[in-house]
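**Student:** One structure follows; several queries about it will come next.
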Amino acid sequence: MRWGFGRDRYRIAPGLYAVGSPDKDAPVIVTANYKMSFDLVRRDLTGRSAWILVLETFGINVWCAAGKGTFGTEELVRRIEATKLAERLNHRRLIVPQLGAVGIAAHEITKKSGFRVIYGPVRCSDLPYFLDHNFEATTQMRRVTFSTWERLILTPVELTGSRKIFGWSVLVLLLLGGIGSGGLFSFGTMLHRGGAALLALFVAVLAGAVITPTLLPWLPGRHFAIKGAVTGGLIALAGALFWGSQLGTGNTLALLLSIPAVSAYLAMNFTGSTTFTSPTGVEKEMRQTIPYQAGALVLAGICWITAAF
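All residue numbers in the sequence shown are consecutive under my numbering, ending with 323.
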């Protein structure tokens, strides 16, 4: 699932699930029907007895679903009623993930169902401590982190999401790379020029989807596209300094324009995976930077194609 294949189908049916042998005093943990979320909660409750109330979030995780409104007050009330939860319990407590709080109005839940919402820790791995300490979380358990490793494990799905674009790019680069100085197509030229272009594309993807997320806190600029452009620009500049005399003016200019543009685009896409960007901020950044990315790629293409003649 880290690569995103079959991601839209990776869900379970909403409803009430038992972990261990829960009785009427067992805690109730609320989560989304994204299967990875459910599996992690179930794993971290190993050796315990609890109820897991799964909401219909259409395969989206808790945090994203809360922002979209599917992990919300009305859905939680519906699921409480549909599962006849009140009849199964002696208490009226629901443990809702802290990251789902934006979608849940606790007072409305109490008003409409009689259940009291208790916000659990950020990570389900802290649930055992939370349950053992009278539903109290430490300060650290309330904090959202975005460490280097937490950033890196998100890069595979970002790459997978762009696979169609880059799949077509590979085909176009190979075909255009096969056009030689006489205007005729040559497989030898395709392998030489097209292969070099694919190497540049690979470097750009590496810069935007791996290096930029890794160095995110230390790169200059607030916009992710700027951070990606800086990373790609430095790599392209290094390539131009080392191989510029062999590449020629046209190819060197194409290198200096294309790698930062692709790197900036991929870094900009990474905003959807972060813990500190908003939808409006992302939209604003896209409106401001995509025209520059597209313009740089067009100019790079012109420089690269004309360099063959």
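All residues carry an ideal CB built from backbone N, CA and C; glycine is no exception. None of the values given here were measured: they were computed from a predicted structure.
(1) Leaving out five residues on either side along the sequence, give the residues of the same chain with a beta carbon under 7 angstroms from the beta carbon of residue 230.
(2) Given residue 250, which residues of its chain have a CB within under 7 angstroms of its CB, disregarding the five upstream and five downstream residues?
(3) Give the single residue among 219, 248 and 220 whose Cα lies nearest to the Cα of residue 233.
(4) If contact is defined by three or more beta carbon pairs under 8 angstroms, each pair taking one atom from either stretch, is the segment 170-186 in contact with the segment 151-159?
(5) Could you name the residues of the same chain whose beta carbon sits closer than 6 angstroms to that of residue 313, not counting the 5 residues immediately before and after it, in chain order?
(6) Could you pull the start and end residues of the alpha helix (DSSP H) that residue 232 belongs to?
(7) Evaluate residue 246 with the Cβ neighbour count: other Cβ atoms within 10 Å of its Cβ, from every protein chain shown; 16 or more gives buried, anything less gives exposed.
(8) Spell out a yes or no on whether the segment 76-95 and the segment 116-128 are touching, meaning 3 or more CB-CB pairs, one atom from each, closer than 8 angstroms.
(9) Can you tell me where the alpha helix (DSSP H) holding residue 162 begins and where it ends?
(10) Taking Cβ positions, are residue 42 and residue 108 nearer each other than 8 angstroms?
(11) How would you write the range of the beta strand (DSSP E) that residue 198 sits in, first residue to last?
(12) Does the segment 257-266 come within contact of the segment 294-313, defined as at least 3 CB pairs closer than 8 angstroms?
(13) Going by C-alpha distance, which of 92, 210 and 76 is nearest residue 55?
(14) From residue 72 to residue 149, what does the alpha carbon distance come to, in whole angstroms?
(15) Identify the continuous alpha helix (DSSP H) that holds residue 158 and give its terminal residues.
(16) State the Cα-Cα distance for the pair residue 27 and residue 102, rounded to the nearest angstrom.
(17) Find the nearest neighbour of residue 92 within the set 114, 81, 68 and 104, judged by alpha-carbon distance.
(18) If you reduce the DSSP assignment to three classes, tell me which class residue 9 lands in.
(19) Who are the Cβ neighbours of residue 326 in its own chain at under 6 angstroms, not counting the five residues just before and after it?
**Tutor:** On the basis of the data shown:
(1) Excluding residues within five positions, the ones whose Cβ falls inside 7 angstroms are 165 and 241.
(2) 269, 270, 273 and 274
(3) 248
(4) no
(5) 271
(6) Here residue 232 belongs to no alpha helix (DSSP H), and DSSP marks it neither H nor E.
(7) Answer is buried; the Cβ neighbour count reaches 16.
(8) Judged by Cβ distances under 8 angstroms, the segment 76-95 makes contact with the segment 116-128, as three or more pairs qualify.
(9) Residue 162 -> alpha helix (DSSP H) spans 162-166.
(10) yes
(11) Per DSSP, residue 198 belongs to no beta strand (DSSP E) and is neither H nor E.
(12) no
(13) 76
(14) Computed Cα separation, rounded: 29 angstroms.
(15) Note, residue 158: premise wrong, no alpha helix (DSSP H); not H, not E.
(16) The straight-line gap from Cα to Cα measures roughly 20 angstroms.
(17) 68
(18) Since the first residue shown for the chain is 15 and the last is 323, residue 9 is missing from the structure and cannot be characterised.
(19) Since the displayed the chain opens at 15 and closes at 323, residue 326 lies outside it and no answer follows.
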